[in-house]
Amino acid sequence: IDINNQLKQLNMNKQYKKVIDLFDNYVQKNNPSDLVINQTLKACIELGDIKRGSFIYQRLSSQSKQNHFIQTNLIRLFMKSGDIDKAKEIFNKSQNKTLFMYNTMING
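When we follow our numbering, the leftmost residue of the sequence shown carries the number 73, and every step to the right adds one.
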């Protein structure tokens, strides 16, 4: 089973801490794909681990920062933490806003 599927299964089973642990081990030797990053951000949101999510955000490549799935989860992360300005900044920088992004901004 590949890392993407492992993370997805762990998230589906609400094993968010295991997602974070697997991510930490994985990135020691690998560059994470956007799918890996996205699944890890989902776990950060569910755990309320804003610090970890922010850490991941700071290290994203410019290409990953333009991935609309990652952008949506970053908006969710920062809205959940109360950092509306950061969420708005990510939303405004998005070149291809999706309905999910708008809903996330509206619903917090």
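For glycine and all other residues, C-beta sits at the position ideal for the given N, C-alpha and C. Model, not experiment: these values are computed from the prediction.
What residue does the alpha helix (DSSP H) around residue i start on, and which one ends it?
| i | result |
| --- | --- |
| Asp93 | Tyr88 to Val99 |
| Asn175 | Leu171 to Asn179 |
| Leu107 | Asp106 to Leu119 |
| Asn164 | Ile156 to Lys165 |
| Gln81 | Ile75 to Met84 |
| Leu132 | No alpha helix (DSSP H) contains Leu132, which DSSP labels as neither H nor E. |
| Gln143 | His140 to Ser153 |
To the nearest angstrom, how far is the alpha carbon of residue i from that of residue j?
| i | j | result |
| --- | --- | --- |
| Pro104 | Leu132 | 10 Å |
| Ile75 | Ile178 | 32 Å |
| Gly125 | Leu149 | 7 Å |
| Gln87 | Lys152 | 20 Å |
| Thr170 | Gln78 | 27 Å |
| Asp121 | Phe95 | 14 Å |
Alpha carbons only, please: which of the options is nearest the one belonging to residue i?
| i | options | result |
| --- | --- | --- |
| Ile147 | Ser134, Tyr129 and Lys90 | Tyr129 |
| Asn168 | Asn139, Ala159 and Asp157 | Asn139 |
| Leu223 | Asp93, Lys165 and Asn145 | With the chain covering 73 to 180 only, the question about residue 223 has no answer from this structure. |
For residue i, which residues in the same chain have their Cβ closer than 6 Å to its Cβ, ignoring the five residues on either side in sequence?
| i | result |
| --- | --- |
| Tyr98 | Ile75 |
| Lys90 | Leu82 |
| Leu119 | Tyr88 |
Is residue i near the ligand FAD, in the sense that its beta carbon is under 7 Å from a heavy atom of that ligand?
| i | result |
| --- | --- |
| Glu161 | Summarising the ligand content, the structure contains no ligands, and the ligand FAD is consequently not present. |
Once you ignore the five residues that flank residue i on each side, which residues in its own chain have a CB closer than 8 Å to its CB?
| i | result |
| --- | --- |
| Ile142 | Asp106, Ile109, Asn110, Leu113, Leu132 and Ser136 |
| query | Does the pairing of the segment 105–113 with the segment 79–91 give three or more beta-carbon distances under 8 Å? | reply | yes
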